[in-house]
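Numbered continuously in our numbering, the sequence shown closes out at residue 642. Built from N, CA and C at the ideal position, the CB exists for glycine as well.
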Amino acid sequence: MTTKRFKGGYTGRILRVNLSDSSCSIEPLDEAVAEKFIGGSGYAAWIIYRETPMDVEPLSPYNKLIFMTGPLTGTITPSAGRYTVCALSPLTGIWAESHSAGYWGPELKFAGFDGVIVEGKADKPVYLWIHEDGCEIRDAKGLWGLDTYECEDALKKELEPGVKVACIGPAGERLVRYANIINDRGRAAGRCGLGAVMGSKNLKAIAVKGSVRNIPAAEEARLSSYIRRLYVTIRSHPTVQIYSSYGTDGIMEMMYEYGDVPIKHFTQGVWDGIKKISGEAMSKSILKRNWACFRCPIACGRIVEVKEGPYKTEEGMGPEYETVASLGALCLIDDLEALAKANELCNRYGIDTITTGVSIAFLMECCDRGLISREVDGLEIRWGDPDLLIELIKRIAFREGIGTLLSEGVRRMSKQIGGEAERIAMHVKGLEIPMHDPRAFKGMGLQYATSHRGACHLRGEVFLIEQGERIPDLGIHERVYRFDLESKPRIVKTMQDWHDVLDSLILCKFTFIPPAAVAAILSMVTGRRITVKALMEIGERIYNLKRVICVKRGVRAKDDRLPERLLKEPLKEGGAAGQIVELDKMLPEYYRLRGWRSDGVPSRERLKQLGLEEVAEDLYGCAAGS
17 MTTKRFKGGY TGRILRVNLS DSSCSIEPLD EAVAEKFIGG SGYAAWIIYR
67 ETPMDVEPLS PYNKLIFMTG PLTGTITPSA GRYTVCALSP LTGIWAESHS
117 AGYWGPELKF AGFDGVIVEG KADKPVYLWI HEDGCEIRDA KGLWGLDTYE
167 CEDALKKELE PGVKVACIGP AGERLVRYAN IINDRGRAAG RCGLGAVMGS
217 KNLKAIAVKG SVRNIPAAEE ARLSSYIRRL YVTIRSHPTV QIYSSYGTDG
267 IMEMMYEYGD VPIKHFTQGV WDGIKKISGE AMSKSILKRN WACFRCPIAC
317 GRIVEVKEGP YKTEEGMGPE YETVASLGAL CLIDDLEALA KANELCNRYG
367 IDTITTGVSI AFLMECCDRG LISREVDGLE IRWGDPDLLI ELIKRIAFRE
417 GIGTLLSEGV RRMSKQIGGE AERIAMHVKG LEIPMHDPRA FKGMGLQYAT
467 SHRGACHLRG EVFLIEQGER IPDLGIHERV YRFDLESKPR IVKTMQDWHD
517 VLDSLILCKF TFIPPAAVAA ILSMVTGRRI TVKALMEIGE RIYNLKRVIC
567 VKRGVRAKDD RLPERLLKEP LKEGGAAGQI VELDKMLPEY YRLRGWRSDG
617 VPSRERLKQL GLEEVAEDLY GCAAGS
């Protein structure tokens with residue numbers, strides 16, 4: 017492949033695959049759309065808005081599944097090795113995006129494609145083999161039923177050395193609503209159930225191999241010099257130092273002191289098991305070495321191994337903070353070896369560890385309250401039992417017995433169980449609350465409530481600001497008290513808009529690159545000068561477009577809510593003792609700043625101001641926006 021194909025960070029090509037008629041075609045990247053939405057989840061949102069019927073069932077052939085990179089993917093930019101997967105979610109029913117790192121995203125660019133649009137449904141299991149000449153739809157009969165590690169190994173053996181694989185496991189094949197997509201033997205596009213969308217299309221895997229090793233920038237020499245200086249800024253960030261030393265689980269004990277780590281299904285403020293499941297404990301026991309994604313100077317990944325005993329694992333990806341907290345603290349399990357095994361099984365089977373942990377903890381509390389029998393399918397449902405955790409993970413992945421109920425996620429579980437269950441179900445818009453308790457950081461409560469994919473810590477990471485982080489480039493100059501309410505609507509909006517920029521570039525959020533530096537990097541890559549102010553307008557445009565997709569799927573202000581527990585039930589002990597989330601005191605100002613109506617619908621005027629005239633006319637010309 018000649019580098020002449022690349023232009024300012026983009027390859028200029030989108031691959032479109034229709035599984036229903038077994039056709040593949042290559043179409044040009046729309047430069048006007050890229051200018052307005054950058055790439056990644058922004059570009060994907062525009063395609064889904066334009067092409068996916070908004071009344072479609074997410075597991076039907078008419079739901080488009082889009083894999084996208086951004087203009088920074090595969091360049092020499094630090095930690096620009098991510099890709100995004102977008103569709104309508106089978107778990108929440110609304111906008112879905114999930115992001116993964118590793119090496120698959122850059123390889124797609126190296127093969128000459130900015131993204132892949134998957135349509136329709138194959139009449140039998142297939143996989144895609146993407147290379148610089150295009151794409152082949154191949155029989156996956158021999159792969160169907162394999163776990164994700166086995167599938168990746170089989171395709172590497174069948175195809176050629178260096179191939180990168182993104183695939184689903186048994187959970188995706190069985191349409192578990194929070195099935196995920198795994199690449200690089202443990203990197204996950206984890207949330208929203210996009211592995212189930214792959215499974216619904218009989219698509220087992222996408223294998224990719226390119227012929228170049230770097231996506232050139234418009235100003236490559238200048239960019240190289242700039243990035244060499246930037247490494248000092250990245251490595252000096254305190255959180256980066258923690259991640260480099262102990263992985264993402266390195267923050268466990270610190271966040272526990274804030275009262276941020278959810279314990280016993282968000283009902284307990286203190287627990288003596290925290291030290292046993294921390295990143296430091298991992299480094300002293302099962303850690304083999306660090307692991308880095310494409311061009312990453314941090315290497316927050318942990319390669320672990322449990323060499324013997326009932327929880328023996330192979331040497332592979334260790335659990336991240338969210339996994340350790342959801343399968344550990346949330347379920348009162350402090351056995352790190354068992355959590356490593358549980359993480360390996362979730363990766364092999366292809367299920368989201370956050371939703372898995374929240375669903376199991378929800379089941380445990382339902383048993384405590386007598387809403388469901390404690391004796392189920394020969395199992396005794398009780399807290400703190402690592403063997404039970406591992407057995408339930410298996411049953412979820414294969415939809416066996418009680419696993420069938422658990423595989424639906426807590427919103428559907430609560431409706432099926434009925435009664436008090438709906439009150440204690442910990443989700444927003446159907447997506448389970450992640451492992452940051454917003455009673456410890458009030459802004460996170462507002463972020464969860466208004467996130468376009470449901471409860472999500474990565475659609476803003478406001479807790480960093482509430483810990484004292486300042487970002488002058490975004491107008492955040494002063495330290496913010498975590499229990500303050502007045503400052504939070506502006507900060508939440510600002511951080512949400514900025515994170516939609518990062519998710520469209522696509523850039524890892526763990527590098528903490530200052531926004532002015534991000535704008536400089538993008539300018540050097542594309543050859544077009546862009547400012548932070550212009551990027552923030554694009555971020556707001558993307559955020560509003562995703563909100564409109566949710567609105568057209570029925571979302572209104574009534575859905576921008578938190579579980580009652582977080583609004584009315586303070587913890588008695590711990591770093592957030594006595595606190596609740598006063599959401600109603602923050603939400604009206606947030607809507608005002610966003611230019612949304614009181615019912616949570618973006619106003620016609622704001623959409624037009626953001627250059628979304630077509631969207632404004634569509635929304636206000638239909639019943640959903642009237």
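Straight-line gap, Arg-563 to Lys-584 (C-alpha atoms, nearest Å): 27 Å
Residue interval of the alpha helix (DSSP H) (run including Ser-241): 236-252
Opening and closing residue of the beta strand (DSSP E) in which Asp-155 lies: 150-155
Three-state class that DSSP yields for Cys-524 in the structure shown: coil
Own chain residues within Cβ distance below 6 Å of Asp-634, not counting five before or after: none
Cβ-Cβ separation, Leu-561 to Ala-61 (assumed contact under 8 Å), whole Å: 5 Å
Residue environment, Leu-609, which counts as buried when at least 16 other CB atoms sit within 10 Å: exposed
Touch test, the segment 274-288 against the segment 586-606, Cβ-Cβ under 8 Å, three pairs minimum: yes
Ala-103: first and last residue of the uninterrupted beta strand (DSSP E) it sits in: 99-104
Cβ-Cβ distance between Gly-10 and Gly-446 below 8 Å: The structure shown has nothing for residue 10, since the chain only spans 17 to 642.
Sub-8 Å separation of Ala-204 and Trp-145 beta-carbons: no
Gly-641 versus Thr-68: straight-line alpha-carbon distance, rounded: Unreliable placement is indicated for Gly-641, whose pLDDT of 41 sits below 50; the coordinate value is still reported in the next sentence. Cα to Cα, the separation comes out at about 18 Å.
The segment 197-212 touching the segment 125-135, judged by at least three CB pairs closer than 8 Å: no
Burial state of Ala-550 (16 or more Cβ within 10 Å): exposed
Secondary structure, alpha helix (DSSP H): runs of 4+ residues fully inside the segment 418-480: 418-422, 426-433, 437-440, 458-466
First through last residue of the alpha helix (DSSP H) which encompasses Gly-484: From DSSP, Gly-484 is part of no alpha helix (DSSP H); its letter is neither H nor E.
Boundaries of the beta strand (DSSP E) in which Met-84 is found, first to last residue: 81-84
For Asn-363, the three-state DSSP class (helix, strand or coil): helix
Touch test, the segment 413-425 against the segment 563-579, Cβ-Cβ under 8 Å, three pairs minimum: no
Simplified DSSP state of Asn-44, which is helix, strand or coil: Here residue 44 is Pro; the residue named in the question, Asn, does not match the sequence. Strand.
Cα-Cα separation, Lys-410 to Gly-419: 8 Å
Residues bridged to Gln-512 [DSSP beta-bridge criterion]: None, per the DSSP bridge assignment.
Element boundaries [alpha helix (DSSP H), containing Gly-28]: Unbroken run through Gly-28: none, as it is neither H nor E.
Cβ distance (whole Å) where Lys-220 is taken to contact Leu-159 below 8 Å: 5 Å
Run of the alpha helix (DSSP H) containing Arg-1, from where it starts to where it stops: There is simply no residue 1 to check, as the chain begins at 17 and stops at 642 in what is shown.
For Met-70, three-class secondary structure by DSSP: coil
Rounded straight-line distance, which links the Cα of Met-380 to that of Leu-75: 29 Å
Contact between the segment 447-458 and the segment 478-491 (3+ Cβ pairs under 8 Å): yes
Proximity below 8 Å, CB of Ile-367 to CB of Val-192: yes
From Arg-506, Ile-293, Ala-195, Gly-394, residue whose alpha carbon lies closest to that of Leu-107: Ala-195
Sequence ranges, alpha helix (DSSP H) only - wholly within the segment 276-357, length at least 4: 295-301, 337-343
Ile-449 beta carbon less than 8 Å from that of Val-374: yes
Cβ-Cβ separation, Ser-38 to Ile-153 (assumed contact under 8 Å), whole Å: 5 Å
Boundaries of the alpha helix (DSSP H) in which Val-548 is found, first to last residue: 548-568
Boundaries of the alpha helix (DSSP H) in which Trp-145 is found, first to last residue: Per DSSP, Trp-145 belongs to no alpha helix (DSSP H); it is in the beta strand (DSSP E), 142-147.
Pairwise C-alpha distance: Gly-86 and Val-517: 10 Å
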